[in-house]
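The structure appears right after this line, and notes come after that.
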Amino acid sequence: MTVVTEMPEVLGFWRMAGEYDYLMRVQVADMKRYDDFYKRLVNSVPGLSDVTSSFSMEQIKYTTSLPIE
23 MTVVTEMPEV LGFWRMAGEY DYLMRVQVAD MKRYDDFYKR LVNSVPGLSD VTSSFSMEQI
83 KYTTSLPIE
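For the sequence shown, position 30 matches number 52 in this note's numbering, and the numbering has no gaps at all.
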């Protein structure tokens, strides 16, 4: 998994329970760059056989602050 954690587009990477094994948060400028990233990913990770992608259409709210009192 080192190859994935070293990809600059990958902002977050989690091993999951449930339907999917891993979840990546990836930031790219456009779909062409996503396609380039995707091709690099599938060619770099041995045994990777299935990739499912979802895309944000609009950012409604984003924060990193926690409501700690």
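Cβ coordinates follow ideal geometry from the N, Cα and C atoms, glycine included.
Inter-residue spacing [alpha-carbon to alpha-carbon] between residue i and residue j
i	j	result
Asp58	Leu70	16 Å
Ser75	Glu41	14 Å
Glu31	Met23	14 Å
Arg62	Glu91	44 Å
Beta-carbon gap between residue i and residue j smaller than 8 Å
i	j	result
Val26	Val64	no
Spatially closest choice to residue i from the options, by CA coordinates
i	options	result
Val73	Glu91, Leu33, Tyr56	Tyr56
Glu28	Ser87, Pro89, Leu88, Val48	Val48
Tyr44	Met23, Trp36, Tyr60	Trp36
Asp52	Ile90, Ser78, Gly34	Ser78
Met46	Lys83, Leu33, Tyr60	Leu33
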